[in-house]
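Asker: Numbering (my numbering), first residue to last: 177 to 595. C-beta atoms are modelled at their ideal positions from N, C-alpha and C, and glycine is treated no differently.
1. Just to confirm the assignment: which complete alpha helix (DSSP H) runs, minimum length 4, are found wholly within the stretch 343-424?
2. Where residue 484 and residue 268 are concerned, what is the direct C-alpha to C-alpha distance, given to the nearest angstrom?
3. I'd like to know whether the C-beta atoms of residue 232 and residue 273 end up nearer to each other than 8 Å.
4. Below 8 Å on the Cβ atoms is my contact criterion, and I expect residue 487 with residue 321 to pass it. Report the Cβ-Cβ distance as a whole number of Å.
5. Which two residues bound the contiguous alpha helix (DSSP H) that contains residue 539?
6. Going by beta-carbon coordinates alone, are residue 166 and residue 327 separated by less than 8 Å?
7. State yes or no: is the beta carbon of residue 359 nearer than 8 Å to at least one beta carbon in chain D?
8. Given that a residue counts as buried once 16 or more other Cβ atoms are within 10 Å of its Cβ, and exposed if not, what is residue 478?
9. Compute the distance between the beta-carbons of residue 279 and residue 257, then report whether it is under 8 Å.
10. Rounded to a whole number of angstroms, what is the C-alpha to C-alpha distance between residue 207 and residue 408?
11. Give every residue of the same chain whose Cβ lies closer than 6 Å to the Cβ of residue 205, excluding the five residues on either side of it in the sequence, and list them in chain order.
12. Quick check on residue 323: does DSSP put it in helix, strand or coil?
13. Starting from residue 683, follow its DSSP beta bridges and name the residues at the other end.
14. Please specify which runs of the beta strand (DSSP E), each continuous and at least 3 residues long, are wholly inside the stretch 271-312, giving them in chain order.
15. Which class does residue 230 belong to by DSSP, given the choice of helix, strand or coil?
16. If you scan the stretch 456-502 from start to end, which runs of the alpha helix (DSSP H) of 4 or more residues do you find wholly inside it?
17. Say whether the stretch 547-562 touches the stretch 516-532, bearing in mind that this needs 3 or more beta-carbon pairs closer than 8 Å, one atom from each stretch.
18. Give me the Cβ distance between residue 251 and residue 223, rounded to the nearest whole Å; I'm assuming they're in contact under 8 Å.
19. Just verifying my parser: in three-state terms, what is the DSSP assignment at residue 252?
20. Can you give the beta carbon distance from residue 411 to residue 452, rounded, assuming they're within the 8 Å contact cut?
21. So, is residue 438 buried or exposed, given that buried needs 16 or more other C-beta atoms within 10 angstroms?
22. Kindly indicate which three-state DSSP category residue 258 falls into: helix, strand or coil?
23. From which residue to which residue does the beta strand (DSSP E) around residue 208 run?
24. Using the Cα positions of residue 366 and residue 374, report the straight-line distance between them to the nearest angstrom.
25. Any idea what DSSP makes of residue 518, helix, strand or coil?
26. Check whether the Cβ of residue 435 sits closer than 7 Å to any heavy atom of the ligand HEM, and report yes or no.
27. Please work out which residues of its chain come closer than 6 Å, Cβ to Cβ, to residue 371, disregarding the five sequence neighbours upstream and downstream, and give them in chain order.
28. On the DSSP letters alone, give me the boundaries of the alpha helix (DSSP H) that residue 214 sits inside.
29. Going by Cα to Cα distance, which pick from 403, 380, 444 is closest to residue 424?
30. Provide the residue span of the alpha helix (DSSP H) that contains residue 241, from first to last.
Here you go:
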């Protein structure tokens, strides 16, 4: 695909010459007669590079760059001007321009600067891709286990990762749905592209639409600037819709449209904006039950459920418990400097018998708390874990109930015990 360049120049003849020359070099160009015209074009189109004159009527090049970079921080800028001074060059570069070119200049000089910019961005993207691959290897280690049920999930990740199909990841709280979503993105062809996340249950209903689809200036109270939504920011990448079952019913139709037509409109606008985003959704609820209750659109469910992945709870892959406990034990021994701590045989017996209703997250939290409770003791005992059903009252034995206390409370307990 050709690199897209927006050429902003108030002199018609100069603009035409530069545009034709850049097209002859293989670039796709769009022309704007001044900064205001350019901002209008940038509302509906995306570009890799903006080449702009510095002195123009209505809006100069620095103002255009400042306004644009607030919305599109990764946009490249090349400033050209007949008013070349050290001060103006420094201003342009400090404001975010990639380079500065003073008139008169040759077409070959312009071509060299443009080529240099794209070589730089290609190298930057390659480095970002390498960092993401390293992160992917680190994340893949977090999916711990070798039970047949978990191996099946890993096989499903491999099958779907390279496609652009929507994925619906289902499972109880704490089973690792986000880790699976991370692994899908990092193993996909979009791994070097944006990966954004939103927890649909954590955002006030009045803000979800604006956060997802963006808004225009003045669209609602406090909308003082135009903002891109997550779909635009994740363009060419992946968007994780965590707890999709909590999305307001009135927004589900708008999400369905993005999935079907790959277009959206910002709040307060009628302009359609094209987006290319891979969707991964997660839920810990039975969506078919929600559909029957009128809380979820069936057509959206069928669009999301192209490739469903269900993560089994710990009680259905008990052979992974020991691996998970050892994994988190090693993590927290290193974190807190207790390398000598081990788990007693009696504690191991209790660990392997426990049902772990909070799944992997409960194992992680319980191991961290047990290490803190144990203080200077070298062995983690059953009393440090205090396994209890989540809904039963803890016995008054000085030990807090697992899953019902914060880390702050644990730390207070440890201090009190030490004193």
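Answerer: So, from the listed chains and residues:
1. Listed in chain order, they are 353-362, 381-389, 406-409.
2. Each residue's CA atom was taken as its position, placing residue 484 and residue 268 some 50 Å apart.
3. Cβ atoms of residue 232 and residue 273: not closer than 8 Å.
4. With a Cβ gap of about 10 Å, residue 487 and residue 321 do not count as contacting.
5. Here the alpha helix (DSSP H) through residue 539 covers 535-550.
6. Limits of the chain in this structure are 177 at one end and 595 at the other, which puts residue 166 out of reach.
7. Among the chains in the structure shown there is no chain D, since it carries only a single protein chain.
8. Burial call: exposed.
9. For the pair residue 279 and residue 257, the CB atoms are nearer than the 8 Å cut-off.
10. Straight-line Cα distance between these residues: approximately 23 Å.
11. Answer for residue 205: 181, 183, 195, 198, 199, listed in chain order.
12. In this structure, residue 323 counts as coil in the three-state DSSP scheme.
13. Not covered by the structure: residue 683. The range shown for the chain is 177 to 595.
14. Runs of the beta strand (DSSP E) lying entirely within the stretch 271-312 and spanning at least 3 residues, in chain order: 275-278.
15. Note: residue 230 maps to coil in three-state DSSP.
16. As far as the stretch 456-502 is concerned, its whole alpha helix (DSSP H) runs of at least 4 residues are 463-468, 474-480.
17. With contact defined as three or more Cβ pairs closer than 8 Å, the stretch 547-562 and the stretch 516-532 are in contact.
18. Contact check for residue 251 and residue 223: beta-carbon distance about 7 Å, within the 8 Å limit, so the pair qualifies.
19. If DSSP states are grouped into helix, strand and coil, residue 252 belongs with the strands.
20. Indeed they touch by this definition, with Cβ atoms about 6 Å apart.
21. Within 10 angstroms of the beta-carbon of residue 438 lie fewer than 16 other beta-carbons, which makes it exposed.
22. If DSSP states are grouped into helix, strand and coil, residue 258 belongs with coil.
23. Per DSSP, the continuous beta strand (DSSP E) segment holding residue 208 begins and ends at 204-208.
24. So the alpha carbons of these two residues sit roughly 18 Å apart.
25. Secondary structure at residue 518: strand, using DSSP grouped into helix, strand and coil.
26. The ligand content of the structure shown is nil, which means the ligand HEM is not present either.
27. Closer than 6 Å at Cβ, skipping near neighbours: 361, 413, 414.
28. For residue 214, the enclosing alpha helix (DSSP H) stretches over residues 211-218.
29. The residue with the shortest Cα to Cα distance from residue 424 is 380.
30. Run containing residue 241: 237-247, per the alpha helix (DSSP H) assignment.
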